[in-house]
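First the structure, in the form of structure tokens, and then the observations on it.
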Amino acid sequence: MEEKKFDRNSIIGFILIFGIMMWIMFMNAPDEKQVAAEKAKKEQVAKEEKIRNASIKSAITAVDTTFKDSAQMAKLKATLGAFAYSGTLASAKEGYTVLENSLIKLKIANKGGYISEATLKQFTKFEKGSGQLVELVNKNNAQLNLKLKTNDNRVLDTKELYFEPTLTQSGKDQILTMRLKAGANEFLEYKYVLKPENYMLDFNIRSQGLAKVLNTSSPTELNWGMKTFRNEKSISYENRYTEINYQYEDGKHDYVSAGSNQEEDIEKPTYVAFKQHFFTSILMTEKPLASAKLYSNDLTNNEKHDSTFTKEMRMTAPLAFSGGELDYKMNWYYGPTDYNILKKYDRGLERIISLGWGIFGWINRWIFIPLFGLISSYFAYGIAIILFTLLIKLLMSPITYKSFLSQAKMKVLRPEMAELNEKFKKDPMKRQQETMALYSKAGVNPMAGCIPALIQLPFMYASFQFFPAAIELRQKSFLWADDLSSFDAIYHLPFTIPVYGNHVSLFPILASIAIFIYMKMTTGDQAMAQPPQEGMPDMAKIMKVMIYLSPIMMLLFFNNYGSGLSLYNFISNLVTIGIMIVIKKYVVDEKKIHAQIQENKLKPKKQSKFQAKMQELMEQAEAQKAAQKKK
3 MEEKKFDRNS
13 IIGFILIFGI
23 MMWIMFMNAP
33 DEKQVAAEKA
43 KKEQVAKEEK
53 IRNASIKSAI
63 TAVDTTFKDS
73 AQMAKLKATL
83 GAFAYSGTLA
93 SAKEGYTVLE
103 NSLIKLKIAN
113 KGGYISEATL
123 KQFTKFEKGS
133 GQLVELVNKN
143 NAQLNLKLKT
153 NDNRVLDTKE
163 LYFEPTLTQS
173 GKDQILTMRL
183 KAGANEFLEY
193 KYVLKPENYM
203 LDFNIRSQGL
213 AKVLNTSSPT
223 ELNWGMKTFR
233 NEKSISYENR
243 YTEINYQYED
253 GKHDYVSAGS
263 NQEEDIEKPT
273 YVAFKQHFFT
283 SILMTEKPLA
293 SAKLYSNDLT
303 NNEKHDSTFT
313 KEMRMTAPLA
323 FSGGELDYKM
333 NWYYGPTDYN
343 ILKKYDRGLE
353 RIISLGWGIF
363 GWINRWIFIP
373 LFGLISSYFA
383 YGIAIILFTL
393 LIKLLMSPIT
403 YKSFLSQAKM
413 KVLRPEMAEL
423 NEKFKKDPMK
433 RQQETMALYS
443 KAGVNPMAGC
453 IPALIQLPFM
463 YASFQFFPAA
473 IELRQKSFLW
483 ADDLSSFDAI
493 YHLPFTIPVY
503 GNHVSLFPIL
513 ASIAIFIYMK
523 MTTGDQAMAQ
533 PPQEGMPDMA
543 KIMKVMIYLS
553 PIMMLLFFNN
563 YGSGLSLYNF
573 ISNLVTIGIM
583 IVIKKYVVDE
593 KKIHAQIQEN
603 KLKPKKQSKF
613 QAKMQELMEQ
623 AEAQKAAQKK
633 K
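Numbering (this note's numbering), first residue to last: 3 to 633.
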């Protein structure tokens, strides 16, 4: 009997009722409390500002008492005061500026001049009904910092300093200029430009007149780091596709290996992407950086406890001064890991999506993505997967037919092959010669059944790459599956089974049953077609093991995979079973095949050059063997 549990909707209902009661109580509270609270908040902010100013002034006072050399003292005062002392720049203080369009909302903090919040307005987190938007940056999970070296060998971190914001509009573009001032015309500037209907924003770094304060003879160090938030139902599945991707050396692409404390040095990077499963943060440069050091660390050692972050990622790169100034044109991308969106930017960003190498990637890019996109534009995603699978299998049906026909021919020849095995069981070489001669006379190619199977393999492997990368399936429901991009649990176990997990997914069970039936149909015929040979493994026994092993492997590993992939495999095997039944009952006639083979035997058969050469080699080997026996 299933254990009774609190219904989530009931809990949410109680919380809402409690929230309404609290709201009524606050609404009826006297206004004086609100005024007092606001006053206390302002006093706290003023107090913190006063403490900050006092600490900086005390540092300058300490310089007065420590250094007797007035020139050295003035230089250090200038360094501290130019970038940190609020008395020099009254407008540099706590606060943030918002840049927003229909897709994304960004908050850029005065302190550090970097994005303190990046919220995707069209995507929600995995908690069903929570309505919480996906946040790529929030709660100090990310930072950008420049290490500025002063002329007196001190290091200032921009993440600790306050920038002055200026927000302007140019047409529909929002332009935010953040300046860290050292004087009226001396400053470090971050410039953000957000366009409408765009996840990409321009980001420029430049300096002006800082040679008096900074050491510009050596590069400054750029540090960008992020702890990626968990956004999906299965943190282990999400983490599997979370990694640092980068483009370098004129278009080459690579990624940092998964695992803990992984480091990599790269030359001339043009972009670095902190890629999550379905979302990504990318820093791009107009001209390649000289080099970069990348670092990745897995933060999900224990899924039960490590539920906030998936990975920690960092990039360190030198920014060289040119003519005593910094001038770098860059871009930020905060958005979905969507192949079509990334491809539109024409920067090679779509390569961060793992679609497979070689022919597998080609199948995904030129067949699966366009075809599935077309079908899903007219049908719900669960139905689209079924129609997509049906179409792929129908297109592959001629290959399936050729494979089954070859098996049928081999099955017809089985009695004669068994006779040859018995007749020449003590002479393997002669047995092989006679077997090849039988194939030749009958017009049967023993490899004809393998080649169609090999042609289908790339499509099968491509599907294993395509469905996990399809962001279109995210949070799309079908039947009992509430999210086709994650597992379709129908029951949660009170314990965890290694590899399998702590839940039972239904689509993998159905796919396992389907693949068992399919292999029972096909491998049985294959085993019958190949009689056992002396000194060779019994294929019938191997096939029998595979009939049971393959479904078990499917059941174990696919339990935590996206249900869309399991649905595809279930329908794929189901359709293949149907096609095989139709071919076996209505297309392939074993009696006709047998008659045709007998007719082929009577026809003179001209050997190909390859067959003739093989026959010659086998005869030579037989002659050498006979000569050795005489000795």
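In this text, a Cβ means the ideal position worked out from N, Cα and C, and glycines have one as well.
Between the alpha carbons of L459 and T222 lies a distance of about 51 Å. In the structure shown, A420 adopts helical secondary structure according to DSSP, grouped into three states. Per the Cβ contact rule, the stretch 249 to 266 is not in contact with the stretch 215 to 232 (fewer than 3 Cβ pairs under 8 Å). Fewer than three pairs of CB atoms, one per stretch, sit closer than 8 Å, so the stretch 292 to 302 makes no contact with the stretch 482 to 491.
Counting only runs of at least 3 residues, the stretch 101 to 126 fully encloses the following beta strand (DSSP E) elements, listed from N- to C-terminal order: 106 to 111 and 117 to 126. Straight-line measurement puts the Cα of K193 at about 26 Å from the Cα of G253.
Per DSSP, F280 is not a residue of any beta strand (DSSP E), being assigned neither H nor E. In the displayed model, W226 falls within a strand according to three-state DSSP. Excluding residues up to 5 positions away in sequence, N143, F311 and E314 lie with their Cβ nearer than 6 Å to the Cβ of K229 in the same chain. The beta carbon of I511 lies closer than 7 Å to those of L557 in the same chain, with the five residues before and after it left out. Three or more Cβ pairs closer than 8 Å define a contact, and the stretch 318 to 333 meets that threshold against the stretch 206 to 213. T282 and S574 have their C-alpha atoms spaced approximately 32 Å apart. For Y383, the CB contacts under 8 Å within the same chain, skipping 5 residues up- and downstream, are E474, L475, K478, F480, L486 and G566 in chain order. Sequence-distant partners of Y520 (beyond 5 residues in either direction) whose C-beta falls short of 8 Å from its own C-beta, in its chain, are N575, T578, I579 and M582. Approximately 16 Å separates the beta-carbon atoms of P290 and T318; this is outside 8 Å, ruling out the contact. Taking a cut-off of 8 Å for Cβ pairs, the stretch 116 to 123 and the stretch 136 to 153 touch, as three or more such pairs fall below it. No Cβ-Cβ contact shorter than 7 Å links I401 with I365. Closest in C-alpha terms to L150, from the list A213, V195 and L101, comes A213. Classified as buried, A491 has 16 or more neighbouring CB atoms from the shown chains inside 10 Å of its CB. Note that the C-beta distance between D175 and V195 is below 7 Å.
Look at the beta carbons and you see the stretch 420 to 439 not touching the stretch 340 to 358: under three pairs across the two are nearer than 8 Å.
Beta-carbon to beta-carbon, F205 and W334 are separated by about 5 Å, close enough to satisfy the 8 Å threshold. The C-alpha of R349 is placed about 53 Å away from the C-alpha of Y588. For R242, the uninterrupted alpha helix (DSSP H) run begins and ends at I237 to R242, by DSSP.
Looking at the backbone, the Cα of L190 and that of T244 are separated by about 33 Å. In the DSSP assignment, the residues bridged to T152 are L216.
If you ignore the 5 residues before and after N504, its C-beta comes within less than 6 Å of the C-beta of L495 and T498, all in its own chain and listed in chain order. Within the stretch 282 to 345, the complete beta strand (DSSP E) runs of at least 3 residues fall at 293 to 300, 311 to 321 and 329 to 338.
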